[in-house]
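*Asks:* Could you have a look at this structure, given as structure tokens, before my questions?
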Amino acid sequence: MAVKEPENQSKVYLLPSLMTAGNLLCGFLAILKILEGSILRDSELSGWIHTYKTSLDFILAAFVFDLLDGRVARLGGKESAFGREFDSLADLISFGVAPALLVFEIVLYQFPHRLGWIVAATYLVCGALRLARFNVYAARAEESKEVFTGFPIPAAAGLVSSITLFMLSLYETDREMKQGWGRYVLAGLLLLLSFMMFSKLRYPSFKGVGLRTQHSMPKFLLVLAATALTIVYYKWMLAVDFLAYFLFGFIRPLLSPHWRRALEEEEMEQKEAPSE
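Residue 1 is where the sequence shown starts when you use UniProt numbering, and the numbers rise one by one after that.
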């Protein structure tokens, strides 16, 4: 006899699903803009760099929607297996297909002997495997919700997109991207992130951060300053933010538990506090 699935696991909750649909839509629009930019470039028409930048904006917007759908689901207590699977499918498009296609169309297509195809395909396949492994662990409750094992694919796409955005801003007045160090940086970054998604390094998920999360005044001012800088100087500050998160995985094991909680969140301290 088949085991009956819990009722709430198959339900479709409106607000979280709308956020996930926004994530998926942004990924689809990013792909359309990437193809449009490639057509403009191959036709030697102006504006192709701007079109690529628009595709990057859609990928980063998908990242925001991905942050929101989980927050909305947890705030309303509406997490379900359906939402987790829907989110992974959207992530594969927005953070797997779109970044791989973008980097391929900008620089990897110039690589000889189909090496560009191999690099882009490696990132895409590793991203899909990363999402599948995450879903298996989440279904079995084998992984803490406070941390990710391996670099999460939304952050990987954010790092690739933000660095690509910064590079495009350097070549803003050029007819074509210069065939210099930039293409090797992006190719190496895709391969590195492919490996890091399956590494044993742990990254904070920040899933416990919410309306009730308490922060000290210095930490609040630091977060406020970083947010303001990111908004004003997003062309390069986004790359700094994602790169800092990437490097934190290497530094985290060296930190004491006190500093780890201070830098990540106060979720553990809230759990230890007695309920009224």
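All C-beta atoms in this analysis are idealised placements derived from N, C-alpha and C, irrespective of residue type, glycine included.
Being a predicted model, the structure only gives us computed values, none of them experimental.
What are the partner residues of P204, as DSSP defines its beta bridges?
*Replies:* Looking up residue 204 in the sequence shown gives position 204. The partner list for P204 (beta bridge, DSSP) reads V147.
*Asks:* Return the CA-CA distance between A121 and D87, expressed in angstroms with no decimal places.
*Replies:* Translated into positions along the sequence shown, residue 121 becomes position 121. Translated into positions along the sequence shown, residue 87 becomes position 87. Between A121 and D87, the C-alpha separation is close to 21 Å.
*Asks:* Using the C-alpha atoms, what's the distance from T149 back to residue 285?
*Replies:* This structure leaves residue 285 out entirely; the chain is present only between 1 and 276.
*Asks:* What is the DSSP secondary structure of H113, reduced to helix, strand or coil?
*Replies:* Counting from one through the sequence shown, the residue named residue 113 turns up at place 113. Looking at H113 - three-state DSSP - the assignment turns out to be coil, as it is neither helix nor strand.
*Asks:* Short of 7 Å in beta carbon distance, which residues of its chain neighbour M19, apart from the five on each side in sequence? Order them along the chain.
*Replies:* One-based indexing of the sequence shown puts residue 19 at position 19. Cβ neighbours of M19 beyond the five flanking positions: F65, L68, D69, V72.
*Asks:* Going along the chain, which residues of its own chain have a beta-carbon closer than 6 Å to the beta-carbon of G37, five neighbours each way excluded?
*Replies:* Along the sequence shown, read from residue 1 onward, the residue named residue 37 stands at position 37. Hits under 6 Å: W48, T51, Y52.
*Asks:* Give the straight-line distance between the Cα atoms of R133 and A30, rounded to the nearest whole angstrom.
*Replies:* In the sequence shown, residue 133 corresponds to position 133, counting from 1. In the sequence shown, residue 30 corresponds to position 30, counting from 1. Approximately 26 Å between the Cα atoms of the pair.
*Asks:* Cβ atoms of R130 and I163: under 9 Å apart, would you say?
*Replies:* To locate residue 163, count along the sequence shown from 1; it is residue 163. To locate residue 130, count along the sequence shown from 1; it is residue 130. No, the pair does not count as a contact, with Cβ atoms beyond the cut-off.
*Asks:* How many Å lie between A239 and G158 at the Cα?
*Replies:* Numbered from 1 along the sequence shown, position 239 holds the residue referred to as residue 239. Numbered from 1 along the sequence shown, position 158 holds the residue referred to as residue 158. Rounded to the nearest angstrom, the two C-alpha atoms are 8 Å apart.
*Asks:* How many angstroms separate the CA atom of S205 from the CA atom of L229?
*Replies:* Residue mapping note: residue 205 aligns to position 205 of the sequence shown, counting from 1. Residue mapping note: residue 229 aligns to position 229 of the sequence shown, counting from 1. C-alpha separation (whole angstroms): 22 Å.
*Asks:* Determine the contact status of F242 and M196, defining contact as a CB-CB distance below 9 Å.
*Replies:* As a working mapping, residue 242 is identified with position 242 in the sequence shown. As a working mapping, residue 196 is identified with position 196 in the sequence shown. Against a cut-off of 9 Å, the Cβ pair of M196 and F242 comes out as no contact.
*Asks:* Can you have a look at P253 and say buried or exposed, based on whether 16 or more other CB atoms are within 10 angstroms of its CB?
*Replies:* Looking up residue 253 in the sequence shown gives position 253. By the neighbour-count rule (16 or more Cβ atoms within 10 Å), P253 is not buried but exposed.
*Asks:* Taking the alpha helix (DSSP H) that V107 falls in, what are its first and last residues?
*Replies:* Position 107 of the sequence shown, counted from the first residue, corresponds to residue 107. Unbroken run through V107: none, as it is neither H nor E.
*Asks:* Measure from the alpha carbon of A98 to the alpha carbon of each residue in P257, I59, K235, G127, then state which is nearest.
*Replies:* Along the sequence shown, one-based indexing puts residue 98 at 98. Here the closest residue by C-alpha is I59.
*Asks:* Could you work out which residue in G96, A156, S161, L108 is closest to A128 when comparing CA atoms only?
*Replies:* Mapped onto the sequence shown, residue 128 falls at position 128. Residue G96 is the option with its Cα nearest to A128.
*Asks:* Are the CB atoms of I93 and W28 within a distance shorter than 9 Å?
*Replies:* Counting from one through the sequence shown, the residue named residue 28 turns up at place 28. Counting from one through the sequence shown, the residue named residue 93 turns up at place 93. The question names Trp, but residue 28 in the sequence shown is Phe. Result yes, Cβ atoms of F28 and I93 sit closer than 9 Å.
*Asks:* For D42, is the classification buried or exposed, using 16 other Cβ atoms within 10 angstroms of its Cβ as the cut-off for buried?
*Replies:* The count along the sequence shown starts at 1 and reaches residue 42 at position 42. It is exposed - the Cβ of D42 has fewer than 16 other Cβ atoms within 10 Å.
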